[in-house]
Structure formats: structure tokens, C-alpha cells
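Each remark here refers to the structure printed beneath this line.
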Amino acid sequence: MTGPGRQTRAGVGPRPYRCVGREFLNLRWFLFAVCCFSLAGAALADSSLDGGQPAAYLKLGAGARALGMGSAQVAVADDAYALAYNPGGLAQVRDFEIGSQTAFLPDGRTLNYLSALRPLRLGANHQLYCYGLSWTNFGFSDPIEERVANTPDPTGTFSDGENALQLGGAGWLLPDRMSMGFDLKLLQQNLGDATASGYGLDLGTLIRAMPGLDVGVMLQDPYTVLSWSTGETDRLPMDLKLGAAYRLGVRGAGALLVSAELEKSLDQGIKDRLGLEWTPAAWSALRLGFDNGALTGGLGLRLGPFSDWSGQLDYGVSTDPTAQNQIGGEMQQRLSLTLFYRIFRPGGPADDF
């Protein structure tokens with residue numbers, strides 16, 4: 451499921467012909483590694499939830515495609531929602547992309563996301579780079595009830611609104627082998643009569659270990675703080691994410707994507723994620739995943755192309771990872787629309803169609 455001009459893997463030339471038998475052999479070994487990976491993650495997994503942490507909404511990620519794949523995106527991160535999962539993946543984007551999302555969360559919570567990514571070529575070798583901007587908004591559709599005692603009626607109400615603005619970029623340090631990326635974030639929150647503002651940083655890399663196999667690493671919030679008008683300061687816990695993704699076949703009809711990752715937070719244990727994406731036709735995608743024990747799923751529909759434009763409509767559903775009961779708890783649903791505009795045309799400088 452890609453936009454126009456992305457018939458090949460983003461940022462690289464057409465894949466050389468590979469023996470189908472060898473691809474299946476590589477996939478078999480990768481699936482074996484994923485099983486060991488998942489078992490190790492399950493043995494060390496932490497069932498504690500992100501709810502209650504400062505800016506916990508940022509842990510929910512963005513994009514319905516990612517949600518359907520269990521949010522196992524650190525080694526994928528190849529679309530308009532890459533800033534939410536691994537800024538190093540921005541280097542894979544080769545169309546101008548606009549991503550939008552609305553999420554339906556339990557308890558009247560809302561989560562909206564908007565992003566724009568712009569690739570460009572620099573240098574004598576026309577190396578591919580990309581920069582982007584995203585905005586995340588979290589809040590409640592209704593006022594939150596306030597109680598100072600165990601009474602049937604609230605003593606009052608208050609509101610909670612949070613925003614995050616991220617600006618990032620990425621490029622290939624080793625052409626088509628290793629990319630590095632970063633993003634800077636500005637945070638803002640209104641909680642009742644109190645206000646807070648802050649800033650932070652994320653770092654990420656993507657490594658192409660072998661044909662079809664990518665490895666991703668992200669250091670999220672190595673230093674991210676929120677300063678309150680009350681004089682208090684919250685520091686977001688640092689997270690380390692490590693994952694791998696294997697693609698069987700060229701993107702399009704019949705392609706299969708398998709991804710897995712582990713996440714370790716400074717104040718929590720290890721979380722494990724697993725995702726699958728199958729494109730039975732060039733215009734459709736089916737997805738399945740596990741996010742630290744929660745079952746996820748989704749589907750995608752390709753729109754167009756219409757000249758140089760095309761689109762993608764995705765739906766994802768999952769148990770809400772910030773709900774009180776993660777397994778069998780309340781569900782979150784996510785709908786996202788992504789628009790693609792082809793920038794690099796066949797026959798252009800250093801074209802890799």
C-alpha cells in the first residue's frame with residue numbers, strides 16, 4: 451500500500467531479482483527468530499500501563515496502519531506517520547505525504563494527528579533526504595468531573611488538553627544501508643487552571659541488514675521535560691525500541707510484511723510487539739498484530755492514482771493500551787487518510803524507478 455512513485459522500496463532502486471525459494475528460506479529463519487524474540491519478550495514483558503505518565507498520549511503512536519500491526523513500526527516507519535515511531539525511517543519517504551488521523555478512545559478521549567513530509571535530493575549523488583512536521587492533539591470531548599470526597603455528585607469539572615509539535619529530518623549516512631534521523635518536539639498542556647510547556651528530542655536509525663530485512667532502533671525522550679505553572683517539573687521516561695522487519699516480495703499484490711520489536715522504558719519493564727501486513731491486491735491490505743498481549747487488526751484501501759496524486763484510507767482497532775484492563779478491556783479505533791504526491795519522476799536525476 452503505497453502512493454504513486456513508490457512501486458519500489460522507498461529511497462532505493464528496483465530490487466534485483468531474488469530467488470523465490472531463497473526468499474521463503476529467509477522468511478522461515480526470520481519467523482523462527484521472531485518466535486524466539488516474542489517468547490523472550492513475553493517472559494520479560496511488563497503488564498504495567500502508560501496511563502498516568504506525563505504526555506502518555508505520545509505512547510499511542512499515530513496512523514491506523516501502525517495500530518493494525520500492533521504498533522511494531524520501529525523497523526518499518528516508511529510513511530507519513532514515521533515521526534511517531536522512528537525518525538530514522540523518514541529517509542525512506544520519496545513522495546510528498548500528508549497524513550491525518552482521528553482516534554476514538556474510551557472515556558470520551560480524543561486523539562488527532564496531522565503531518566506533512568517532504569523528501570529532497572542533495573549533493574552530487576542526489577542522495578535522498580526527508581524532513582517533516584507533525585501535530586498531535588489529545589483531549590476529552592466532555593469536561594472531567596472533579597471530586598474531593600466519595601460523593602455521587604462532582605464538586606466541579608475541569609478540562610485537559612494536550613498538544614505536541616514535532617519537527618524532524620533524516621538522511622542516509624551509508625547510501626541505501628543506514629539512515630539516521632531526529633525530531634525535536636514542543637509540548638503544551640492545559641489541565642484545569644494549570645498550564646505546562648516543554649520540549650524534547652527523539653533519535654532513530656534504520657539499517658538494511660540484508661535484502662528484505664531492516665533493523666530499526668529508536669531512543670525516545672532521552673531528555674524531555676514539562677514545566678508547570680505551579681513550579682513543578684515532569685520528566686518523561688526514556689524509552690529504547692529495537693525491532694526488525696522482513697518483506698517478502700516487492701510491494702504490491704501478494705507482498706507480506708512481518709515486523710517485531712521490543713521496548714524498554716526506564717520506569718517500566720519490556721513490552722513486545724508483533725505485526726503482519728498482507729497485500730492480496732495492489733489496492734488493499736489486511737493487518738494483524740499483538741501489542742504487549744493486546745490483539746490488534748485493520749485493513750487498508752488504496753485510492754487512485756489520480757495523475758500525480760493518490761491516497762490511502764486505513765482503519766485499525768485495538769484494545770486501548772492505557773485502559774485499566776489491557777486484555778479484554780475497552781477498545782480504541784483509529785481512522786487515517788494519507789495523501790501522496792509524486793515528486794521524483796522517471797527519467798529525472800538519479801532516478802531509481
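Following the numbering used here, the numbering of the sequence shown begins with 451 at its first residue and continues without gaps.
From the three backbone atoms N, C-alpha and C, an ideal C-beta is built for every residue, glycine too.
Keep in mind that this is a model prediction, so the values were computed, not measured.
Integer Cβ distance of residue i from residue j, believed to fall under 8 Å
{"i": "residue 505", "j": "residue 644", "result": "Between residue 644 and residue 505 the Cβ distance is about 15 Å, and since that is not below 8 Å, they are no contact."}
{"i": "residue 719", "j": "residue 675", "result": "Residue 719 to residue 675, Cβ: 23 Å. No contact."}
{"i": "residue 579", "j": "residue 541", "result": "7 Å"}
{"i": "residue 512", "j": "residue 531", "result": "4 Å"}
{"i": "residue 503", "j": "residue 687", "result": "7 Å"}
Proximity below 8 Å, CB of residue i to CB of residue j
{"i": "residue 525", "j": "residue 665", "result": "yes"}
{"i": "residue 739", "j": "residue 520", "result": "yes"}
{"i": "residue 621", "j": "residue 630", "result": "yes"}
{"i": "residue 766", "j": "residue 515", "result": "yes"}
{"i": "residue 529", "j": "residue 549", "result": "yes"}
{"i": "residue 522", "j": "residue 710", "result": "yes"}
{"i": "residue 517", "j": "residue 679", "result": "no"}
{"i": "residue 789", "j": "residue 612", "result": "no"}
{"i": "residue 736", "j": "residue 763", "result": "no"}
{"i": "residue 784", "j": "residue 577", "result": "no"}
{"i": "residue 742", "j": "residue 721", "result": "yes"}
Spatially closest choice to residue i from the options, by CA coordinates
{"i": "residue 638", "options": "631, 646, 694", "result": "646"}
{"i": "residue 671", "options": "503, 652, 768, 791", "result": "652"}
{"i": "residue 656", "options": "674, 580, 536, 543", "result": "536"}
{"i": "residue 609", "options": "762, 683, 588", "result": "588"}
{"i": "residue 751", "options": "667, 743, 745, 730", "result": "730"}
{"i": "residue 697", "options": "660, 555, 743", "result": "660"}
{"i": "residue 650", "options": "695, 668, 678, 685", "result": "685"}
{"i": "residue 566", "options": "551, 582, 553", "result": "582"}
{"i": "residue 712", "options": "694, 699, 784, 679", "result": "694"}
{"i": "residue 716", "options": "673, 680, 682", "result": "673"}
{"i": "residue 689", "options": "769, 746, 668, 733", "result": "668"}
{"i": "residue 745", "options": "794, 723, 763", "result": "723"}
{"i": "residue 616", "options": "788, 632, 602", "result": "632"}
{"i": "residue 555", "options": "585, 591, 564", "result": "591"}
{"i": "residue 754", "options": "741, 742, 791, 736", "result": "791"}
{"i": "residue 635", "options": "586, 662, 681", "result": "586"}
{"i": "residue 706", "options": "733, 543, 727, 544", "result": "727"}
{"i": "residue 619", "options": "658, 663, 627, 568", "result": "568"}
{"i": "residue 640", "options": "658, 677, 742", "result": "677"}
{"i": "residue 759", "options": "793, 735, 782", "result": "793"}
{"i": "residue 627", "options": "658, 663, 600", "result": "658"}
{"i": "residue 544", "options": "570, 510, 560", "result": "570"}
{"i": "residue 564", "options": "584, 510, 558, 557", "result": "584"}
{"i": "residue 699", "options": "662, 714, 683", "result": "662"}
{"i": "residue 573", "options": "510, 623, 682", "result": "623"}
{"i": "residue 725", "options": "749, 756, 557", "result": "749"}
{"i": "residue 780", "options": "509, 747, 510, 557", "result": "557"}
{"i": "residue 509", "options": "602, 691, 682, 600", "result": "691"}
Three-state class that DSSP yields for residue i in the structure shown
{"i": "residue 694", "result": "strand"}
{"i": "residue 788", "result": "strand"}
{"i": "residue 515", "result": "helix"}
{"i": "residue 707", "result": "strand"}
{"i": "residue 507", "result": "helix"}
{"i": "residue 539", "result": "helix"}
{"i": "residue 569", "result": "strand"}
{"i": "residue 730", "result": "strand"}
{"i": "residue 716", "result": "coil"}
{"i": "residue 736", "result": "strand"}
{"i": "residue 620", "result": "strand"}
{"i": "residue 525", "result": "coil"}
{"i": "residue 530", "result": "coil"}
{"i": "residue 426", "result": "No information on residue 426 is available, as it lies outside the stretch 451 to 803 that the chain covers here."}
{"i": "residue 754", "result": "strand"}
{"i": "residue 686", "result": "coil"}
{"i": "residue 774", "result": "Reliability of the predicted coordinates at residue 774 is poor, the pLDDT of 41 falling under 50, and the value obtained from them is presented with this limitation in mind. Three-state DSSP puts residue 774 in coil, outside helix and strand."}
{"i": "residue 699", "result": "coil"}
{"i": "residue 794", "result": "coil"}
{"i": "residue 761", "result": "strand"}
Residues bridged to residue i (per DSSP)
{"i": "residue 588", "result": "561, 612"}
{"i": "residue 650", "result": "635"}
{"i": "residue 548", "result": "566, 789"}
{"i": "residue 742", "result": "Answer is none; residue 742 lacks a bridge partner."}
{"i": "residue 644", "result": "641"}
{"i": "residue 748", "result": "737, 766"}
{"i": "residue 554", "result": "560, 783"}
{"i": "residue 668", "result": "654, 691"}
{"i": "residue 680", "result": "Answer by DSSP bridge pairing: none, since residue 680 is not bridged."}
{"i": "residue 629", "result": "622, 656"}
{"i": "residue 582", "result": "567, 618"}
{"i": "residue 725", "result": "709, 739"}
The ligand SAM heavy atom lying under 7 Å from the CB of residue i
{"i": "residue 613", "result": "In terms of ligand content, the structure shown is empty, and the ligand SAM therefore cannot be addressed."}
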